[in-house]
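Below you'll find the structure, written out as structure tokens, and then a few comments.
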DNA sequence: GCCATTCAGGACATATTTTGTCCAAAGATA
DNA sequence: TATCTTTGGACAAAATATGTCCTGAATGGC
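Residue numbers (the working numbering), protein chains in the order written: chain A, 74 to 180; chain B, 74 to 180.
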């Protein structure tokens with residue numbers, strides 16, 4: 074996919090896509106059918122994109138939708154940890170819980 | 074802390090605390106000041122406890138509040154991954170993003 | 001069998017959170 | 001200065017989550 078730097082935020086990656094394309098907020102916003110102000114907020118991680126919007130962004134910039142969605146999800150998890158000031162080891166615990174819950178559901 | 078099995082869900086751990094204490098839903102609910110039906114739902118992971126409630130639970134069962142909170146947070150992350158059918162590697166990405174965002178904030 | 005009690009789960013009103021837009025102001029560019 | 005872009009606050013609208021009430025199934029004692 075065309076996203077360049079890894080491990081930056083979803084918003085930063087989106088901004089990079091836009092700037093690489095040499096477009097303004099207004100132009101991109103018009104194409105993906107949202108208010109430019111909302112796009113600006115998403116780029117600064119002040120608003121979260123809906124799934125529908127992620128799809129439109131992926132289509133517009135011709136990047137892989139699933140990868141973009143996973144960028145967004147990993148952002149959400151990262152921000153949750155920061156917001157809650159949680160220890161990073163909860164990620165490991167979460168991973169084990171995923172496995173556990175999956176076994177529960179296969180019964 | 075008194076929680077026994079690891080890597081089960083928050084609700085199951087809560088239920089285990091209650092059953093270990095030999096108490097009914099009604100009794101515990103009365104003590105932590107919620108409707109028994111809500112407590113039952115939390116035990117079955119159909120409702121999420123508020124932080125205030127987590128504090129009350131920790132106080133009541135005399136378990137470490139911070140640990141209980143982290144159990145809850147890891148649950149939330151696990152359920153998010155399951156709900157979104159996301160790849161587990163997003164946890165690794167999230168971890169790197171946490172580090173990245175922290176460096177951003179220290180500037 | 002019958003009564004009392006516990007637990008599960010649906011429906012629903014209320015509360016809380018999030019989203020998206022509008023508008024004004026700040027920053028850039030020329 | 002004039003124009004265009006970006007930032008950011010305020011706020012209505014939409015979406016989501018919470019907590020309670022109520023009904024019914026299940027269990028256990030008598």
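Ideal Cβ positions, reconstructed from N, Cα and C, are used throughout, including at glycine. Just so you know, these numbers come straight off a predicted model, no measurement behind them.
Could you name the residues of chain A that residue 169 of chain B contacts, counting a contact when the two beta carbons are closer than 7 Å? 80
Listing by chain order, which chain B residues have their CB less than 8 Å from the CB of residue 107 of chain A? Those do not exist, as residue 107 of chain A stays about 22 Å from chain B at its closest Cβ, beyond 8 Å.
Please check the pair residue 122 of chain A and residue 145 of chain A, which I expect to be a contact at CB under 8 Å, by giving their CB distance rounded to whole angstroms. 6 Å
Residues of its chain near residue 148 of chain B, where Cβ-Cβ distance is below 6 Å and the 5 sequence neighbours each way are ignored: 82 and 83
Beta-carbon within less than 6 Å of residue 102 of chain A's beta-carbon, same chain only, minus the 5 sequence neighbours each way: which residues are those? 109 and 112
Thinking residue 151 of chain A and residue 136 of chain B are a contact (beta carbons under 8 Å), I'd like their distance in whole angstroms, please. About 28 Å separates the two Cβ atoms, so there is no contact after all.
Cβ neighbour criterion (16 or more within 10 Å) applied to residue 86 of chain B: buried
Under 7 Å, Cβ to Cβ, is there at least one residue of chain A near residue 85 of chain B? no
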